[in-house]
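Numbering (the working numbering), first residue to last: 4 to 266.
Written below as structure tokens is the structure these notes are about.
Encoded structure:
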């Protein structure tokens, strides 16, 4: 695989990890249940949340033929070594054999996407109707932005609190999509040393399928290019509308393998 390609993927992973670290720190500062921690060790990047309701945050990324040597040490820092998803972007046959022999079982893939500035992407037909996109800049707009995320995600109380804590951070740039002056969708972006994370998006149920998120995504990509950011990156689950929107706009999709310790 070309070195440049792997460099883009690594840059995207580092940006996503920086965003996740900020989210975990925000959760800890907000006093949410459990312990939140992120750390680097031997080339691995670990994210930890000990409360059951935040179990989906547990992950160990950056697993390669070289870094796998410290994987057991990293797992020992988790209360339950079976909780974190072990993520390897480009596992070699030798690494796959090592993981299987050591008691790791395949888990659902963890897609990562990225787009470099200058890539052509369609913007003309985002929706049959015009969308008004504005960036959040006041306390009142911030509350509308957070309320839109809440309503669109319809998450549990605990996960909703996590979403609000993360998206109230100063590093988060929030955007609202309105139609006829009515706010209907929200999306976020954060800037990091290696790229911009296009993460956090929610649409009110009555406005889904109307092109709001496509318009918000295109708006953020134009901003990324204007700011001269090296790349834009986002994560999304396989087969979802989010991943389809990203693919339509020219994002490269990396189906990173995931594993869980099963002993």
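Ideal Cβ placement from N, Cα and C applies to all residues, glycine included.
Helix, strand or coil: which one does DSSP assign to residue i?
i: residue 118; result: strand
i: residue 166; result: helix
i: residue 201; result: coil
i: residue 53; result: coil
i: residue 11; result: helix
i: residue 1; result: For the chain, the structure presents residues 4 to 266; residue 1 sits outside this window and is missing.
Measure the alpha-carbon distance for residue i versus residue j and round it to whole angstroms.
i: residue 44; j: residue 157; result: 35 angstroms
i: residue 85; j: residue 98; result: 19 angstroms
i: residue 239; j: residue 38; result: 25 angstroms
i: residue 114; j: residue 12; result: 11 angstroms
i: residue 196; j: residue 119; result: 14 angstroms
i: residue 7; j: residue 211; result: 37 angstroms
i: residue 153; j: residue 67; result: 37 angstroms
Would you say residue i touches the ligand FMN, meaning its beta carbon is less than 7 angstroms from a heavy atom?
i: residue 173; result: With respect to the ligand FMN, the structure shown offers nothing to examine, as it has no ligands at all.
Following the continuous alpha helix (DSSP H) through residue i, name the residue where it begins and the one where it ends.
i: residue 139; result: Unbroken run through residue 139: none, as it is neither H nor E.
i: residue 216; result: 215 to 230
i: residue 77; result: 74 to 78
i: residue 245; result: 244 to 251
Classify residue i as buried or exposed, calling it buried when 16 or more other Cβ atoms lie within 10 Å of its own Cβ.
i: residue 87; result: buried
i: residue 206; result: buried
i: residue 20; result: buried
Might you give, ordered along the chain, the residues of its own chain that have their beta carbon closer than 6 angstroms to the beta carbon of residue i, omitting 5 neighbours on each side?
i: residue 63; result: 47, 49, 77, 87 and 89
i: residue 135; result: 181
Near residue i, which residues of its chain fall below 7 angstroms by C-beta distance, leaving aside the five closest residues on each side in sequence?
i: residue 172; result: 25 and 29
I'd like the span of the beta strand (DSSP E) that includes residue i, first residue to last.
i: residue 188; result: 185 to 195
i: residue 157; result: From DSSP, residue 157 is part of no beta strand (DSSP E); its letter is neither H nor E.
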